[in-house]
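A short worksheet on the structure shown next.
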Amino acid sequence: MQVVIIGCGKVGSKFAQVLSKEGNDVALVSNDANSFKNLPHDFDGVTITGVPIDQDVLKLAGIETADVLVAVTEDDNVNIMVCQVAKEIFKVPKVVARIYNPDRERVFHEFGLETICPTDITVNVMRASMQSGNDISTHIIGNTSIVFRHIKLENSYVGRKIGQIKIKEGMILGIVRSGEFIFANKVAKLIKDDVVVIAETAYRR
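Note that the UniProt record's numbering has the sequence shown beginning at 1, numbered continuously upward.
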């Protein structure tokens with residue numbers, strides 16, 4: 001899978017490290033060259049210094065062939081703009097934005113963008129939850145309780161695209177296949193024994 005990550009803070013750098021070690025092609029974009037110091041010495045992905053919303057910079061990161069773009073800068077405006085560019089101009093199949101101001105979540109959704117909020121969400125919590133063997137796992141993130149459901153679909157779903165699966169609440173984060181987590185791609189087809197991972201908000205404390 002080819003992933004472009006915008007922002008190389010604690011979340012962006014950790015996420016890049018995890019995905020790279022799993023064998024994915026990862027490109028990191030940041031307007032601060034010093035932020036790449038957050039990466040481990042053995043990181044084998046691509047790092048690009050430049051303005052994230054600059055199309056030429058994004059092209060250098062491989063956005064034209066990317067499967068996923070994740071925007072995790074500290075600026076909500078940058079995140080929404082780069083996600084819009086990725087979605088509307090480069091037709092990236094999957095775009096996800098991290099937001100700091102939950103009041104802006106509605107705006108992101110109106111643009112058809114998926115979001116991760118609140119601000120103290122961590123890669124380790126998400127990965128542990130998504131790869132858990134439990135049917136249901138719950139984590140408190142900030143003031144919100146997030147429920148991760150792991151559902152093994154009936155055989156009738158085999159061959160269908162992830163984008164064809166309709167759920168009443170929450171969002172499909174991806175699937176677990178042969179013990180490996182794969183981010184949701186609307187055009188990816190399900191195979192036998194796939195486990196779908198769904199995240200939904202249980203309540204706010």
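Glycine included, every Cβ here is placed at the ideal spot set by N, Cα and C.
Item                                                                                                                                             : Value
By DSSP, does Ile89 sit in helix, in strand, or in coil?                                                                                         : helix
Assign Arg180 to one of three DSSP states: helix, strand, or coil.                                                                               : Note on residue identity: the sequence assigns Glu, not Arg, to residue 180. Reduced to three states, the DSSP call for Glu180 is strand.
What's the call for Pro52, buried or exposed, on a 16-neighbour Cβ count within 10 Å?                                                            : buried
How far does the beta strand (DSSP E) with Ile48 in it reach, from first residue to last?                                                        : 46-49
Could you give the C-beta distance for Val197 and His150, rounded to a whole number, given that I count them as a contact under 8 Å?             : 6 Å
Go ahead and pull the three-state DSSP assignment for Glu64.                                                                                     : helix
Between the alpha carbons of Ile165 and Ile175, how many angstroms are there, rounded?                                                           : 12 Å
Taking just the CA atoms, how far does Ser35 sit from Gly163?                                                                                    : 35 Å
According to DSSP, is Leu173 part of a helix, a strand, or is it coil?                                                                           : strand
Please state whether the Cβ-Cβ distance between Val4 and Ala66 is less than 7 Å.                                                                 : yes
From Ala33 to Gly9, what distance separates their C-alpha atoms?                                                                                 : 11 Å
What residues in its chain sit with their C-beta under 7 Å from that of Asp44, if we drop five residues either side in the sequence?             : Ser20
Could you tell me how far apart the beta carbons of Phe183 and Lys94 are, in whole angstroms, since I believe they sit closer than 8 Å?          : 6 Å
When you compare each of Ser13, Glu88, Phe181 to Thr47 by their alpha carbons, which one comes out closest?                                      : Ser13
Ignore the nearest five residues each way along the sequence and tell me which others in Lys152's own chain have a CB closer than 6 Å to its CB. : Val195
Would Val92 and Ala61 qualify as a contact pair, given that the criterion is a beta-carbon distance under 7 Å?                                   : no
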